[in-house]
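Comments concern the structure below.
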Amino acid sequence: MPVAALADIHGNVHALDAVLADPRFAAVEGVVVLGDVVAGTFPVETFDRLLGMGDSVRILRGNADRLVLEGGDEESRWVHDRLGAGRVSAVQAWPATFAIEVEHLGAVRCCHATPRSDEEILTRITPKAELAVALEGTNEPLVVGGHTHVQFDRRTGERRFVNVGSVGRPYEGRPGAYWALLGPDVELLRTDYDVRAAAEAALGSGQPSAEVVAETLLRPPTAEEATTEFEAMRRA
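In this note's numbering, the protein residues as written are 1 to 236.
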């Protein structure tokens with residue numbers, strides 16, 4: 001049976017609920033969540049949905065989740081205050097990376113950005129040599145992550161890196177919740193949901209960045225636009 005891979009939910013519980021209700025999700029035997037989970041609009045609801053799934057879900061910490069723990073800016077403090085001490089402690093305990101076994105795929109390394117960093121940038125056009133360097137020291141032939149909110153599937157030598165996309169705030173030029181199924185191969189997926197309702201909920205949430213979030217949900221940048229911007233950041 002396959003494993004669902006979700007990344008970059010960013011507190012968008014509307015998108016998460018849509019994925020959980022997707023008929024394709026019903027067949028999974030487990031779920032991995034690849035970071036940037038609570039750093040967003042509805043952190044408590046998102047946290048509780050996932051933790052309510054029990055042992056079938058494994059969660060790692062992304063760079064935005066780490067910023068929530070550090071509380072260095074208004075947005076992070078807003079999320080931190082809503083989570084409360086118990087949930088904050090749980091987020092602190094989430095690992096930065098872990099490995100799983102998936103039928104037909106074998107060992108899979110799960111991370112947020114890369115196995116060595118929660119904020120390193122890899123895109124669909126990052127030179128292969130630099131992709132290979134980012135995956136050095138990883139024993140698993142398949143690495144799955146998120147971070148840049150754009151789905152892609154790349155190979156370098158014997159290694160394969162898959163970005164599963166963003167459930168809660170994709171940069172794909174088309175609204176929806178983006179995720180993946182692992183096993184027997186990797187299948188990149190998209191789930192429709194009421195994006196307008198999610199944007200309206202964000203605007204009424206009190207989230208400091210609500211207007212930006214709502215605009216991004218309704219009119220997301222294209223994958224090409226996001227890739228160009230991320231590559232400029234990577235080279236800077």
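For each residue, glycine too, the CB sits at the ideal point set by N, CA and C. Quick caveat, the model's predicted, so the values are computed rather than measured.
When DSSP labels each residue in this structure, what does residue i get in the three-state scheme?
i: residue 181; result: strand
i: residue 107; result: strand
i: residue 63; result: helix
i: residue 152; result: strand
i: residue 99; result: strand
i: residue 83; result: helix
i: residue 223; result: helix
i: residue 143; result: strand
i: residue 135; result: coil
i: residue 235; result: helix
i: residue 212; result: helix
Please name the residue in the options whose C-alpha comes closest to that of residue i.
i: residue 126; options: 7, 3, 2 and 235; result: 235
i: residue 156; options: 70, 27, 138 and 119; result: 138
i: residue 11; options: 129, 36 and 183; result: 36
i: residue 172; options: 112, 220, 121 and 21; result: 220
i: residue 18; options: 215, 231, 216 and 176; result: 176
i: residue 27; options: 226, 203 and 180; result: 180
i: residue 226; options: 98, 134, 72 and 122; result: 122
i: residue 115; options: 15, 102, 98 and 130; result: 98
Once the 5 residues before and after residue i are set aside, which same chain residues still bring their CB inside 7 Å of it?
i: residue 166; result: 7, 8, 146, 149 and 178
i: residue 152; result: 124 and 163
i: residue 197; result: 14
For residue i, list the residues DSSP reports as bridge partners.
i: residue 187; result: 181
i: residue 159; result: 156
i: residue 58; result: 32
i: residue 114; result: 117
i: residue 5; result: 32 and 180
In chain order, what residues of the same chain have a beta carbon less than 8 Å from the beta carbon of residue i, not counting five sequence neighbours either side?
i: residue 141; result: 106, 107, 158, 159 and 160
Are the C-beta of residue i and some C-beta of chain D separated by less than 7 Å?
i: residue 158; result: The displayed structure is made up of one protein chain only, and chain D is not part of it.
Excluding five sequence neighbours on each side, which residues of the same chain lie with their C-beta closer than 6 Å to the C-beta of residue i?
i: residue 58; result: 32
i: residue 44; result: 82
i: residue 154; result: 161
Given 8 Å as the limit, is there contact between the segment 88–100 and the segment 188–197, that is, 3 or more CB pairs closer than that?
-> no
Would you call the segment 176–191 and the segment 45–56 touching, i.e. three or more CB-CB distances under 8 Å?
-> no
Contact between the segment 35–45 and the segment 200–211 (3+ Cβ pairs under 8 Å) | yes
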